[in-house]
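A.B. asks: This is the structure, below, for whatever I ask next.
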Amino acid sequence: MSKEITPRGTDYAQWYQDLVIKAGLAEPSAVRGCMVIKPYGYAIWEKMQQALDRMFKDTGHSNAYFPLFIPKSFFSKEASHIKGFAKECAVVTHYRLKSTPDGKGIEVDKEAKLEEEYIVRPTSETIIWSTYKGWIQSYRDLPILVNQWANVVRWEMRTRLFLRTAEFLWQEGHTAHATRDEAVEETMKMLGVYAEFSEKFMALPVIKGVKTPFERFAGAVDTYCIEALMQDGKALQAGTSHFLGQNFARAFDVKFTTKDGTRDFVWASSWGVSTRLMGALVMAHSDDDGLVLPPMLAPYQVVIVPVYRNEEQLEKIRAYADGIIGALKAKGISTRFDDRDTHKPGWKFAEYEMKGVPVRLAIGPRDLENNTVEVARRDTREKTNYQAVDIDVKVTHLLNQIQENLYDKALDFRERSTYHADSMEEFEKLIGNGGFVYAHWDGKTETELKIKERTKATVRCIPLESRREKGKCILTGDPSPQKVLFARAY
RNA sequence: CGGGGUGUAGUUCAGUCCGGUAGAAUGCCUGCUUUGGGAGCAGGAGGUCGUCAGUUCGAAUCUGGCCACCCCGACCA
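Counted from 1, the first sequence has number 284 at position 227 by our numbering; the numbering is strictly sequential.
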C-alpha cells in the first residue's frame with residue numbers, strides 16, 4: 058500500500074506533521090519538545106546555512122562561538138530582556154551525578170550544587186555583550202561584525218516540528234558599532250539579506266516591516282522582520298533583525314572612546330533565522346503528494362531512476378545514464394542515480410515525490426532505443442519525453458523554471474490572499490478566511506490586544522514599503538498614519 | 001500551564017463496556033515470478049499490551065498513582 062499523508066484540505070496541521078515525518082525531515086525524539094532532524098532534513102538545513110553563511114561573509118561578517126551556558130546574573134542585567142525570556146529558560150543547577158544508595162540507578166549529587174546557576178542560552182546577547190566589554194576600548198575596535206551558528210533552548214509548552222521546538226538551531230548575528238546610524242544601517246542591511254535569501258533561495262516572497270512594541274524583541278529598541286504567508290493563510294515570521302540601541306552596552310557597561318576623546322556607549326544590532334525556516338519552506342510550496350523543494354535548496358536537484366528487467370539491461374542504462382550524469386554534474390547540478398535493486402521504479406517515483414526532488418529522470422529500454430529521457434517536474438507534475446541531446450542545458454533551464462514558478466505561485470497566492478479592511482466588521486469577515494489584511498491601527502498596544510482577543514489576529518508588522526496613507530483605526534477611530542499588516546500567525 | 005484525547009507487533013489500529021492462552025492490516029525476512037506509477041503468490045520472524053501498585057484463582061481488560069505523546073487554548077522564532 059502507498060505511504061500517504063493527510064490531505065491539506067482535511068487537516069492542515071496533520072498534513073504538515075505527516076509530511077515532515079514521511080519526507081524524512083524530522084521526527085519527535087525521546088526528549089520532550091525536542092526533535093531529531095533526520096539526514097534529509099538536515100541536508101536542506103545545510104543548504105540554507107551555506108547560502109546564508111556566504112551572504113553573511115559577503116557583507117563583512119565572521120563566525121565565532123560563545124558558550125551554551127549563561128551565568129544567571131548576566132541574564133538579569135537587562136530588565137526587559139529577562140522579562141521576555143524568564144518563563145522559558147532551562148537552568149543548570151548541579152554538575153555531578155552519583156549512584157543511588159541501592160546501586161541500581163543514578164541521581165543528582167546534591168553536594169555538587171553550582172554556586173551560581175547557569176541558564177541554557179535562549180539567545181546570546183548577554184554572554185556576548187559581557188564578552189564585547191573586553192574587546193572594545195576605542196572607536197578603532199569597531200565595528201564588530203560577528204555571527205554564530207548555534208543551538209538555543211526555549212522551554213516551550215507546546216511544540217511542533219521545526220515551527221516551535223524546545224531546542225532549535227539558528228544563527229545569531231551580534232554587531233557593535235560606534236554610531237546609532239551605523240547600527241541602524243546594519244539592522245536594515247541584514248533584514249535585506251534575509252528577504253533576499255527567502256525570495257531567491259526559498260522562493261518565498263516576504264513583507265519587510267517593523268514590529269509593534271508589543272511584538273518587539275525583549276531588549277530591542279526596534280525589531281524588524283520578514284513575514285511570509287503560508288498556504289493555510291497564516292503568517293509566519295521568517296527572520297528578525299533588531300536594532301538594540303545602547304541597551305545591552307548600558308547593561309554590561311560597554312563604552313568606547315570616540316575620535317574626539319569623549320566616552321559613549323556602543324550601539325548594537327542582532328539578527329537571526331532558525332530551523333523554523335524549514336517549516337516555512339514546507340508550508341510554502343508542498344502539496345498533498347509530499348514536499349516540493351525549490352531547486353536552490355534541494356539536497357539533490359535531479360534523481361535518475363533506471364527502469365530495467367534484468368542485470369544486462371541495467372548495465373546498458375547505467376552506461377547511458379553515466380553520460381547524462383557527467384553532463385549534469387559539469388553544469389553544477391546535484392544528481393542522484395538511484396540504481397538500488399531493493400525498490401521498484403514506481404516505488405521510487407512516489408518516494409522522490411514525497412521528498413520533493415525537483416526533477417526526476419526515468420531511463421528505460423525505450424529510451425535507449427529512441428535516445429530519449431522521461432523528464433518529470435515535481436512542481437507541476439508534468440511528464441515529458443526529451444531527446445537526450447543537450448539534456449544538461451534543458452535540465453538547467455527546467456530547474457530555473459521550477460525555481461521561478463515556485464516563487465511566482467507563492468507570490469500569486471499571497472496577492473490573492475491579501476485584503477484591505479476599512480472597518481472592524483469588514484476586518485472580522487476577512488480575517489476569518491486567513492491571509493494578510495491591511496488595516497488602520499491607532500498605534501496603541503491596548504487596541505492591538507483588543508483586536509487580537511476579538512479576532513485572534515495580530516499586527517504582523519508595520520510594512521516598510523507601503524504607502525503612508527492616513528486614516529482612522531478600525532477599532533477606535535483614532536488617527537492612524539498608515540495601514541499595518543494583520544494576520545493570524547504561527 | 002488549563003481543557004480534551006490516546007498509549008496493544010516497526011507503523012496504523014481492533015480487542016477493554018461484560019476479566020479466562022495476543023489479533024488484523026501494513027511493514028520486515030526468505031523463495032519464485034516481476035520491474036515505464038508505491039507488484040503478485042507462498043512461507044516466516046516479530047508484542048514483559050506505556051509504567052508502578054492494588055483487586056482477583058486469573059488483568060491488555062477493573063481501581064488508583066505516575067509517565068509519555070497528540071489536539072485545542074494561553075506563551076513564543
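Ideal placement from N, C-alpha and C gives every residue a C-beta, glycine not left out.
1) Mind checking which residues open and close the alpha helix (DSSP H) that includes H454?
2) According to DSSP, is Q205 part of a helix, a strand, or is it coil?
3) Roughly how many angstroms separate the alpha carbons of G500 and A143, rounded to a whole number?
4) Could you tell me which residues DSSP puts in a beta bridge with T441?
5) Looking at the unbroken alpha helix (DSSP H) that takes in Q74, where does it start and where does it end?
6) Look at the alpha carbon of S523 and the alpha carbon of P536, and state the distance between them as a whole number of angstroms.
7) Should G276 go down as buried or exposed, given a rule of 16 or more other Cβ atoms within 10 Å for buried?
8) Could you pull the start and end residues of the beta strand (DSSP E) that D18 belongs to?
9) I'd like to know whether the C-beta atoms of G336 and L220 end up nearer to each other than 7 Å.
10) Just to confirm my understanding: we take P538, look at its own chain, exclude 5 residues before and 5 after, and list those with CB closer than 7 Å. What are they?
11) Pick helix, strand or coil for V360, following the three-state DSSP scheme.
12) S195 and T314 look like a contact to me (Cβ under 8 Å); what is the Cβ gap, rounded to whole Å?
13) By Cβ distance below 7 Å, which residues in the same chain neighbour E145 in space, the five residues on each side in sequence not counted?
14) Quick test of your reading: F132 and T183, contact by CB under 8 Å. State the CB separation rounded to the nearest angstrom.
15) Express the C-alpha separation of R237 and W324 in angstroms, rounding to a whole number.
16) Quick check: the Cα distance between L248 and I283, rounded to an integer number of angstroms?
17) Can you find the residues in the same chain that come closer than 7 Å, C-beta to C-beta, to W192, ignoring five residues on each side of it along the sequence?
18) On a CA-only basis, which of D310, V339, A207 and A233 is nearest M411? Give me that one, please.
19) Assuming R423 and V349 form a contact by the criterion Cβ under 8 Å, report the distance between their Cβ atoms to the nearest whole angstrom.
20) Specify the secondary structure class of E84 as computed by DSSP and reduced to three states.
21) Please find out if some non-hydrogen atom of the ligand SAH comes closer than 6 Å to the beta-carbon of L301.
22) Whole angstroms is fine: what's the gap from L76's alpha carbon to T332's?
23) Between the Cα of V66 and those of V430, K540, K507 and D346, spot the shortest distance and give me the residue it belongs to.
24) Residue ranges of each beta strand (DSSP E) run of no fewer than 3 residues wholly in the segment 266-290, ordered along the chain?
25) For V88, which option in T392, F225 and K486 has the closest C-alpha, if you only look at C-alpha atoms?
26) At which residues does the beta strand (DSSP E) containing P128 begin and terminate?
27) Count the other C-beta atoms from every protein chain shown that fall within 10 angstroms of the C-beta of G230, then say buried if there are 16 or more, exposed otherwise.
28) Under the assumption that W227 contacts G383 (Cβ atoms under 8 Å), give the Cβ distance between them as a whole number of angstroms.
29) Helix, strand or coil: how does DSSP classify Q251 here?
30) Considering only the alpha carbon of each residue, which of Y73, Y377 and I101 lies closest to Y357?
31) Under the three-state reduction of DSSP, which class applies to I264: helix, strand or coil?
32) Assuming A121 is part of the beta strand (DSSP E), what are its boundary residues?
33) Are the beta-carbon atoms belonging to H351 and A260 less than 7 Å from one another?
34) Helix, strand or coil for A235? Go by DSSP, reduced to three states.
35) Would you please state the rounded distance, in angstroms, between the beta carbons of V263 and E256? I believe it to be under 8 Å.
36) Could you say if the segment 368-382 and the segment 300-308 meet the contact criterion of at least three C-beta pairs nearer than 8 Å?
C.D. replies: According to the structure shown:
1) Looking up residue 454 in the first sequence gives position 397. Run containing H454: I448 to R473, per the alpha helix (DSSP H) assignment.
2) Along the first sequence, one-based indexing puts residue 205 at 148. Reduced to three states, the DSSP call for Q205 is strand.
3) Within the first sequence, residue 500 is the residue found at index 443, counting from 1. Within the first sequence, residue 143 is the residue found at index 86, counting from 1. Straight across, the Cα-Cα distance linking G500 with A143 is about 27 Å.
4) The count along the first sequence starts at 1 and reaches residue 441 at position 384. V432.
5) The residue labelled residue 74 in the question sits at position 17 within the first sequence. Looking at the DSSP string, the run of the alpha helix (DSSP H) that includes Q74 is Y69 to K79.
6) Here residue 523 refers to the residue found at position 466 when the first sequence is read from its first residue. Here residue 536 refers to the residue found at position 479 when the first sequence is read from its first residue. So the two alpha carbons sit approximately 17 Å from each other.
7) Start at 1 with the first residue of the first sequence, and residue 276 comes out as number 219. So G276 counts as buried.
8) Because the chain in this structure spans residues 58 to 547, residue 18 falls outside the shown range and cannot be described.
9) Along the first sequence, one-based indexing puts residue 336 at 279. Along the first sequence, one-based indexing puts residue 220 at 163. Cβ distance < 7 Å, so G336 and L220 count as in contact.
10) Stepping through the first sequence from its first residue, residue 538 is reached at position 481. Excluding sequence neighbours, P538 sits near R525 and K527.
11) As a working note, residue 360 is residue 303 in the first sequence. V360: strand per DSSP, three-state reduction.
12) Sequence index remark: in the first sequence, residue 195 carries index 138 (1-based). Sequence index remark: in the first sequence, residue 314 carries index 257 (1-based). Correct: roughly 5 Å between the Cβ atoms.
13) Sequence index remark: in the first sequence, residue 145 carries index 88 (1-based). P179, R211, W212 and E213, listed in sequence order.
14) Along the first sequence, one-based indexing puts residue 132 at 75. Along the first sequence, one-based indexing puts residue 183 at 126. That pair is a contact at about 5 Å.
15) As a working note, residue 324 is residue 267 in the first sequence. As a working note, residue 237 is residue 180 in the first sequence. Between W324 and R237, the alpha-carbon positions lie close to 6 Å from each other.
16) Here the question's residue 248 lines up with position 191 in the first sequence. Here the question's residue 283 lines up with position 226 in the first sequence. Rounded to whole angstroms, L248 to I283 spans 7 Å at the Cα level.
17) Translated into the one-based positions of the first sequence, residue 192 becomes position 135. Counting only Cβ-Cβ distances below 7 Å, and skipping sequence neighbours, we find D198 and I201.
18) Translated into positions along the first sequence, residue 411 becomes position 354. Taking only the C-alpha atoms, the option nearest M411 is V339.
19) Locating residue 423 in the first sequence gives position 366, counting from the first residue. Locating residue 349 in the first sequence gives position 292, counting from the first residue. Not confirmed; about 28 Å, so no contact.
20) Translated into the one-based positions of the first sequence, residue 84 becomes position 27. E84 falls in the strand class under three-state DSSP.
21) The ligand SAH is not part of this structure, which contains no ligands at all.
22) Residue numbering aside, residue 76 sits at position 19 when the first sequence is read from its first letter. Residue numbering aside, residue 332 sits at position 275 when the first sequence is read from its first letter. Distance between the alpha carbons of L76 and T332 is about 16 Å.
23) As a first step, residue 66 must be located in the first sequence, where it is residue number 9. In the sequence under discussion, the amino acid at residue 66 is Gly, which differs from the Val named in the question. With distances taken between Cα atoms, G66 lies closest to D346.
24) The segment 266-290 contains these whole beta strand (DSSP E) runs: 279-286.
25) On the first sequence, position 31 is the one that residue 88 refers to. Ranking the options by Cα distance to V88, first place goes to F225.
26) Locating residue 128 in the first sequence gives position 71, counting from the first residue. First-last of the beta strand (DSSP E) with P128: F126 to P128.
27) Stepping through the first sequence from its first residue, residue 230 is reached at position 173. Residue burial is scored here from C-beta neighbours: G230 has at least 16 other C-beta atoms within 10 angstroms and is therefore classed as buried.
28) If you number the first sequence from 1, residue 227 lands on position 170. If you number the first sequence from 1, residue 383 lands on position 326. Not quite, the Cβ-Cβ distance comes to about 38 Å (not below 8 Å), so this is no contact.
29) Translated into the one-based positions of the first sequence, residue 251 becomes position 194. In the sequence as displayed, the identity of residue 251 is Tyr instead of Gln. DSSP places Y251 in helix when its eight states are reduced to three.
30) Residue mapping note: residue 357 aligns to position 300 of the first sequence, counting from 1. Of all alpha-carbon atoms in Y73, Y377 and I101, the one lying nearest the alpha-carbon of Y357 is that of I101.
31) Reading the first sequence from its first residue, position 207 is the one you call residue 264. Here I264 sits in strand by DSSP.
32) Here residue 121 corresponds to residue number 64 of the first sequence, with the count starting at 1. It is not in any beta strand (DSSP E) - A121 carries neither H nor E in the DSSP assignment.
33) The residue you call residue 351 lines up with position 294 of the first sequence. The residue you call residue 260 lines up with position 203 of the first sequence. Per the sequence shown, residue 351 should be read as Pro rather than His. Yes, Cβ-Cβ distance for P351 and A260 is below 7 Å.
34) By 1-based counting over the first sequence, the position of residue 235 is 178. Coil at A235, not helix or strand.
35) Residue 263 sits at position 206 when you count from the first residue of the first sequence. Residue 256 sits at position 199 when you count from the first residue of the first sequence. Going by Cβ atoms, the distance from V263 to E256 rounds to 7 Å, so yes, they are a contact pair.
36) Proximity of the segment 368-382 to the segment 300-308 falls short of the contact definition, fewer than three beta-carbon pairs being nearer than 8 Å.
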